[in-house]
Amino acid sequence: MDARLESIKDTVLARNPGEAEFHQAVVEVFESLGPVHDRHPEFLEAAILERLCEPERQIIFRVPWTDDSGRVQINRGFRVEFNSALGPYKGGLRFHPSVYLGIVKFLGFEQIFKNALTGMPIGGGKGGSDFDPRGRSDAEVMRFCQSFMTELYRHIGEYTDVPAGDIGVGGREIGYLFGQYKRITNRYESGVLTGKGISWGGSLVRPEATGFGTVIFTQEMLKTRGTSFDGQRVVVSGSGNVAVNAIAKAQALGATVVACSDSSGYVVDEAGIDVELLRTVKEVERGRLKEYAERRAGVSYVDGGSVWDVDATVALPCATQNELDGDAAARLLRNGLLAVGEGANMPSTRDAVAVFQEAGVLFGPGKAANAGGVATSALEMQQNASRDSWSFEHTEERLTEIMVGIHDRCAATADEYGEPGNYVLGANIGGFVKVADAMLAQGLI
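Residues in the sequence shown are numbered from 60 upward in steps of one, following my numbering.
The structure is reproduced here in structure tokens:
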């Protein structure tokens, strides 16, 4: 790492103790930025990096609610409004027991660069709670969401901060959150949340966007090697919204997705994952992958273990952070891996990324490859602002244009800075320069 940046990095890590995921995200970005500061010393003089690593606002609050037995439960809520140089804060809400400030800050920091790469006028933020919606009744989820929004509403707005969904926050949760926001404010401010239902302000393609976008970005990477998804053997981690739609899009492009996973284990389906059955089990019945295996002939279910043990030419990690480590990366390489497209946020550890890059594997980092979700959220905001509704085909066309643009921007930036094919460097520098220019223009704020 550049010596000038090393000192800044050490200060940032010391000021944010115990936040391992945030530290990891910061270090990865800093490792790319030495060449930028050689060309733009004004960024160092204006302390852009120091300011970029310090959120504009961090909100932590208590969320009390009652379960179906009448017992009072207490969770902790978070919203980190990281950077608004390009527009209102934009980023999802995650409801999962693992959520703490370090997770939210890592996600919000990544979101700054991801949102900048889309070319849309949106800043970076993230939020959530350590609440676990799994196993809770609809009534319990509703009461939690209403309590959560009773505090959050005062911090958000369509020109201020626009949350969306993330792990544990789907259409059901967004509906309860929006209803409470509307009730408290007495305003039908549809642009305040994205991921809404189609009948009340949502956008077509938004549920599919992150998974579709990951595949579109990976397809563009494959094109640089003269190939495509057609005929590829693909493994996807996860089986939530992002994973399911990545599977659907990859198979529509001619690939065979042979495995996917959940927190209990993984399935291997050599005929190709049956997307409709997977949707039924995971999205309608809220079941486990074991049930998918029980209802489809020729499918094997592995309890525990790693889905990365399955041979693949393309890997799409779509579950959660740091799920794919150096050992798993090495196993994938031995089986003929060509490309990795991150559908989750920072799912590959630093060791894994190093293994892939040293081997010359095409590697699309999450801040670029999974930007389709937030890009389509911005398109939803456009439709809300104009009181309009677009067709599926038009919205998907816009998503494709954005994802191809992100790929081309990352590739061109990597070329410009002397590292062709390094999408990590391209994404970090491409996003950083756009935000840094805006921060410089807006003065010391």
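For each residue, glycine too, the CB sits at the ideal point set by N, CA and C.
Using 10 angstroms around the beta-carbon of residue i, count the other beta-carbons present and answer buried if the total reaches 16, otherwise exposed.
i	result
Asp220	buried
Lys255	buried
Leu503	exposed
Ser157	exposed
Ala73	exposed
Tyr218	exposed
Gly419	exposed
Asn245	exposed
Met208	buried
Phe89	buried
Asp97	exposed
Tyr247	exposed
Gln278	buried
Ile133	exposed
Asp321	buried
Glu329	exposed
Gln380	buried
Glu140	buried
What did DSSP end up calling residue i once you bin it into helix, strand or coil?
i	result
Tyr476	coil
Cys112	coil
Phe190	coil
Ser157	coil
Pro266	helix
Tyr247	coil
Ile133	strand
Asp220	strand
Phe141	strand
Glu288	Sequence check: residue 288 is Phe here, not Glu. Phe288: coil per DSSP, three-state reduction.
Ala387	helix
Lys426	helix
Lys185	strand
Val366	helix
Val420	coil
Leu152	strand
Ser407	strand
Rounded to whole angstroms, what's the CA-CA distance from residue i to residue j? Just pull it up for me.
i	j	result
Gly260	Lys282	36 Å
Ser365	Ser445	46 Å
Gly182	Ala495	12 Å
Gly489	Gly285	25 Å
Asp225	Asp474	33 Å
Ala356	Gly227	30 Å
Val85	Val326	34 Å
Arg345	Glu401	24 Å
Met201	Met440	24 Å
Leu391	Glu478	24 Å
Gly363	Val294	16 Å
Asp191	Thr273	26 Å
Gly423	Asn481	9 Å
Phe237	Ala378	26 Å
Glu199	Thr125	7 Å
Leu336	Tyr351	7 Å
Ala497	Thr177	15 Å
Lys426	Met405	8 Å
Gly77	His453	45 Å
Val433	Lys149	8 Å
Val131	Lys341	29 Å
For the beta strand (DSSP E) that residue i lies in, which residues bound it at each end?
i	result
Pro123	116–125
Ser359	359–362
Arg98	Where Arg98 is concerned, there is no enclosing beta strand (DSSP E), although the alpha helix (DSSP H) it sits in stretches over 93–98.
Cys319	315–320
Leu375	373–376
Gly324	324–327
Counting along the chain, where does the alpha helix (DSSP H) carrying residue i start and finish?
i	result
Phe237	230–244
Gly395	No alpha helix (DSSP H) contains Gly395, which DSSP labels as neither H nor E.
Ala106	Careful: Ala106 lies outside any alpha helix (DSSP H) and carries neither H nor E.
Tyr351	348–353
Glu80	79–89
Leu211	197–211
Leu484	482–500
Asn300	300–311
Lys68	62–74
Gln436	The sequence given here places Ser at residue 436; Gln does not occur at that position. Looking at the DSSP string, the run of the alpha helix (DSSP H) that includes Ser436 is 431–444.
Arg345	Looking at the DSSP string, Arg345 is not in any alpha helix (DSSP H), and its letter there is neither H nor E.
For residue i, I'd like the list of residues in its chain whose CB is within less than 7 Å of its CB, leaving aside the five on either flank, ordered along the chain.
i	result
Thr372	Gln291, Arg292, Gly395, Leu396, Leu397
Ser448	Gln442
Ser91	Val483, Leu484, Asn487, Ile488
Val251	Ile215, Gly216, Glu217, Val221, Tyr240
Ile332	Ile306, Val316, Cys319
In chain order, what residues of the same chain have a beta carbon less than 6 Å from the beta carbon of residue i, not counting five sequence neighbours either side?
i	result
Lys68	Phe89
Leaving aside the five residues before and after residue i along the sequence, list all residues of the same chain whose C-beta is less than 8 Å from its C-beta, in chain order.
i	result
Ser450	Leu263
Ala411	Leu383, Asp384, Gly385, Ala387, Ala388
Ile119	Arg135, Gly136, Phe137, Leu160
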